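Heads up: the sequence lines are chains L and R, in that order.
Last residue of the first sequence: 357 (numbering that gives the first Met the number 0), numbering continuous.
Last residue of the second sequence: 326 (numbering that gives the first Met the number 0), numbering continuous.
Heads up, the beta-carbon is just placed ideally off N, CA and C, and yes, glycines get one too.
All values derive from a computational prediction rather than experimental measurement.
What follows is a short report on a single structure.
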Amino acid sequence: MLYREAGDFKTSYREDGQTFPIRLDRWGYYAVLAVAFGIVPFLINDYWASAVLVPFLIYAVAAMGLNILTGYAGQVSLGTGGFMAVGAYAVYKLMTAFPEVNIVLHILLAGGITAIVGMVFGLPSLRIKGFYLAVATLAAQFFLVWLFNKVPWFYNYSASGQITAPERTLLGYAITGPASSAAVKYLVCLCFAVVLAWVARNLTRGTLGRKWMAIRDMDIAAEIIGVNPLTAKLSAFAVSSFFVGIAGALLFAVYLGAAEVGEAFGINKSFLVLFMIIIGGLGSVFGSFAGAAFMVLLPVLLKNLLVGGFGWPTNLAAHIELMIVGGLIILFLIVEPHGLARLWRLAKEKLRLWPFPH
Amino acid sequence: MEQLIFAGEVFLNGLMTGVMYALVALGFVLIFKASGVFNYAQGVLALFAALTLVGIQKGQVPFADLINAVFGSRLEQFGWTVPAALAIVLAALVMVLLAFLIETLILQHLVGQAPIILFMATIGLAYFLEGLGDVMWGANIKALDVGLPQGISDGIEQVTAGWFGYGYFIDRLDIWATIIAAALVCALVLFSQYTRQGRAMRAVADDHQAALSVGISLRFIWVMVWSIAGFVALVAGIMWGTKSGVQFSLSLIALKALPVLMLGGFTSIPGAIVGGLIIGVGEKLFEFFIGPMVGGATENWFAYVLALLFLVFRPQGLFGERIIERV
Chain L
0 MLYREAGDFK TSYREDGQTF PIRLDRWGYY AVLAVAFGIV PFLINDYWAS AVLVPFLIYA
60 VAAMGLNILT GYAGQVSLGT GGFMAVGAYA VYKLMTAFPE VNIVLHILLA GGITAIVGMV
120 FGLPSLRIKG FYLAVATLAA QFFLVWLFNK VPWFYNYSAS GQITAPERTL LGYAITGPAS
180 SAAVKYLVCL CFAVVLAWVA RNLTRGTLGR KWMAIRDMDI AAEIIGVNPL TAKLSAFAVS
240 SFFVGIAGAL LFAVYLGAAE VGEAFGINKS FLVLFMIIIG GLGSVFGSFA GAAFMVLLPV
300 LLKNLLVGGF GWPTNLAAHI ELMIVGGLII LFLIVEPHGL ARLWRLAKEK LRLWPFPH
Chain R
0 MEQLIFAGEV FLNGLMTGVM YALVALGFVL IFKASGVFNY AQGVLALFAA LTLVGIQKGQ
60 VPFADLINAV FGSRLEQFGW TVPAALAIVL AALVMVLLAF LIETLILQHL VGQAPIILFM
120 ATIGLAYFLE GLGDVMWGAN IKALDVGLPQ GISDGIEQVT AGWFGYGYFI DRLDIWATII
180 AAALVCALVL FSQYTRQGRA MRAVADDHQA ALSVGISLRF IWVMVWSIAG FVALVAGIMW
240 GTKSGVQFSL SLIALKALPV LMLGGFTSIP GAIVGGLIIG VGEKLFEFFI GPMVGGATEN
300 WFAYVLALLF LVFRPQGLFG ERIIERV
């Protein structure tokens, strides 16, 4: 009844092409932003920040990155964990080498370094396609994890082989290290997520995004109509890796604080992010957020239910959780292979007609 | 000269590891050829098969932990042991049942979806089976013994000691694994060339619709192919399980089989074997010669990088079908 485009008159092309063409959507979007920035930081506590909100925002950034590569440009990648490790180790090296420089700059630079590494591992995509490429990106995953494990320079020759984030402040607030508060961590991640979501949305609906989609739909045809596959594919790898690198840097510096590469950035992380974009919806910024929320919340809920609710031993609960996650993924793929974003879209279409369906 | 003799031993060991990789890769190829599904769960299938085999052999109560947690009981063992041969047959039957369930519950509903969706479904399946295996049989490391000979082969050691003055250390298990794998491959090739079902399988691999139109039941073929893959997984699970115990890391051999597939081509049985041998030998020799210079443990990534470099020059792998693209 309220959810209508009728009466919302567009008087310029700019208005017509905006991301949220329906007024209610626009208000909803501003309302969500207002709540996220204005209310949540005052209510947040350590449990919510570390179990739900901070990982959700960080994984949403990673999922957006992978979605650009896989959802928009059609290049399946299983190397996300490795690229996140590049971001984490880059920010660690930068933080320890130049302690006086602002941490935000370090995180952005870490993203840039990851983008370069991503382009190098993206080079084979010009020759290899489909599953061969997916498996080839595993080379990046295994090689990078091995590299960070075996070359002591990357972890500053520390005895444990771990990297630990030193304390860095922004505007007087500690955002890394043990002294940082939940609200600050949350706000930092939120800022990155919102800005990067805006970037992703605007990149993907511009020239570059159209090139990526042309390559995804059929690369030979795209080449014939004048899309250069070299620049299109490599730019997709670069932008995607930039996002993933920032996610890795945030995950290490802000969320984990200390990380061991094989454990924090192993192949399971690659699959986790891939699940997020499949469940959320390929080729959709909203889907990246929805998928990240789903995959972050699910284990928390299951754990609370099985261990807290039924009082089962934790190891049994962990195995059951694996089964449920696996089963749900299969169920999801059967019921809605286009993910939560598609469900959202369908719901909105229904809502536009409601309550008079004709 | 010393180096060369050692390298010879490394080469032989690599060859045998390669056979094991090829065994896992075979399961992938069979399913990919027949249904176009890239089955990531193949490694977990091997783990599940090995767990089931041990469980049956030892007479464990399935789902003991779960039952105990729900009903507060203390079940663990039935109190009998099953002879190895019977246990293998029973485990194979479980794999056939599993194949049937996978086909009915998952694949049937995903016909016509994009390959990436099917691939994701098999990752989901891998998670599910991993959890199921642990819930059913417990997550502790188990020893698997079905009577395969183990330990150093004295014959080879003496012969090589006579030749080079240095006895090669070759595990008898590896030799048996090689023989069994070779026999299995021969059996599979004969099956697909000379039996009705084998021909039907190849027809489905060639073209689903054409196969359907001449009256081949897709469902039956898929169940059959997944059963065979399950059986291959069982054999692989027995070999790897005997070698290093049945535990979670067993499922990671799937990750070892992927570069083998890339190298050999996703659609070629000979490719899986040759690829397995090249990767097995390559990674062992690389670790032997180059590994000490860069800090070791190169086996994790060498296979992938080798396959990657190879693919840049030949995108369809060694024996894969030529990729022809049309607009």
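Within its chain, find whatever has a CB closer than 8 Å to the CB of residue i; leave out the 5 residues flanking it on each side and keep chain order.
| i | result |
| --- | --- |
| residue 328 of chain L | 274, 277 and 278 |
| residue 360 of chain L | Given a span of 0 to 357 for chain L in the structure shown, any question on residue 360 of chain L remains unanswerable. |
| residue 239 of chain R | 19, 45, 49, 249 and 252 |
| residue 130 of chain L | 75 |
| residue 127 of chain L | 135 |
| residue 74 of chain R | 60, 63, 66 and 67 |
By a C-beta neighbour count over all protein chains shown, 10 Å radius and 16 as the cutoff for buried, is residue i buried or exposed?
| i | result |
| --- | --- |
| residue 243 of chain R | exposed |
| residue 83 of chain L | buried |
| residue 30 of chain L | exposed |
| residue 320 of chain L | buried |
| residue 387 of chain R | In the structure as shown, chain R starts at 0 and stops at 326, and residue 387 of chain R therefore has no counterpart that could be examined. |
| residue 292 of chain R | exposed |
| residue 330 of chain R | Coverage of chain R is limited to positions 0 through 326, which leaves residue 330 of chain R absent and any answer about it impossible. |
| residue 178 of chain L | exposed |
| residue 127 of chain R | buried |
| residue 238 of chain L | buried |
| residue 11 of chain L | exposed |
| residue 101 of chain L | exposed |
| residue 167 of chain R | buried |
Just how far apart, CA to CA, sit residue i and residue j?
| i | j | result |
| --- | --- | --- |
| residue 18 of chain R | residue 276 of chain R | 6 Å |
| residue 38 of chain R | residue 149 of chain R | 31 Å |
| residue 183 of chain L | residue 348 of chain L | 38 Å |
| residue 189 of chain R | residue 25 of chain R | 15 Å |
| residue 60 of chain R | residue 51 of chain R | 11 Å |
| residue 306 of chain L | residue 223 of chain L | 57 Å |
| residue 285 of chain L | residue 64 of chain R | 40 Å |
| residue 100 of chain R | residue 36 of chain R | 16 Å |
| residue 116 of chain L | residue 119 of chain R | 26 Å |
| residue 130 of chain R | residue 221 of chain L | 43 Å |
| residue 211 of chain R | residue 29 of chain R | 19 Å |
| residue 304 of chain R | residue 142 of chain L | 8 Å |
| residue 92 of chain L | residue 154 of chain L | 8 Å |
| residue 186 of chain R | residue 221 of chain R | 19 Å |
| residue 361 of chain L | residue 303 of chain L | Since the first residue shown for chain L is 0 and the last is 357, residue 361 of chain L is missing from the structure and cannot be characterised. |
| residue 135 of chain R | residue 301 of chain L | 19 Å |
| residue 171 of chain R | residue 280 of chain R | 18 Å |
| residue 208 of chain R | residue 199 of chain R | 12 Å |
| residue 223 of chain R | residue 233 of chain R | 15 Å |
| residue 104 of chain L | residue 21 of chain R | 48 Å |
| residue 254 of chain L | residue 93 of chain R | 44 Å |
| residue 202 of chain L | residue 41 of chain L | 33 Å |
| residue 189 of chain L | residue 37 of chain L | 12 Å |
Within a Cβ cutoff of 7 Å, which residues of the same chain sit near residue i, ignoring the five residues on either side of it in sequence?
| i | result |
| --- | --- |
| residue 58 of chain R | 76, 77, 78, 79, 80 and 81 |
| residue 306 of chain R | 258, 261 and 262 |
| residue 22 of chain L | 7 |
Just to check my reading of the structure: residue i and residue j have Cβ atoms closer than 8 Å, yes? What is that Cβ distance to the nearest angstrom?
| i | j | result |
| --- | --- | --- |
| residue 67 of chain L | residue 199 of chain L | 6 Å |
| residue 87 of chain L | residue 112 of chain L | Rounded, the Cβ-Cβ distance is 11 Å, inconsistent with contact. |
| residue 87 of chain R | residue 145 of chain R | 7 Å |
| residue 11 of chain R | residue 169 of chain R | 6 Å |
| residue 241 of chain R | residue 143 of chain R | 5 Å |
For the alpha helix (DSSP H) containing residue i, list its first residue and its last residue.
| i | result |
| --- | --- |
| residue 242 of chain R | 217-243 |
| residue 298 of chain L | 284-302 |
| residue 38 of chain R | No alpha helix (DSSP H) holds residue 38 of chain R; DSSP gives it neither H nor E. |
| residue 24 of chain L | 22-33 |
| residue 261 of chain R | 252-263 |
| residue 84 of chain L | 79-96 |
| residue 186 of chain R | 171-193 |
| residue 381 of chain L | A question about residue 381 of chain L goes unanswered here, because the residues of chain L that appear run from 0 up to 357. |
| residue 185 of chain L | 181-203 |
| residue 320 of chain L | 313-334 |
| residue 40 of chain L | 39-42 |
Quick one: what's got a C-beta closer than 6 Å to residue i's C-beta in the same chain, skipping five residues either side?
| i | result |
| --- | --- |
| residue 250 of chain L | 57 |
| residue 110 of chain L | 241, 244 and 245 |
| residue 282 of chain L | 70 and 71 |
| residue 25 of chain L | 19 |
| residue 120 of chain L | 139 |
Residues of chain A with a CB under 8 Å from the CB of residue i: which are they?
| i | result |
| --- | --- |
| residue 119 of chain R | Note that chain A does not occur in the displayed structure, where the protein chains are L and R. |
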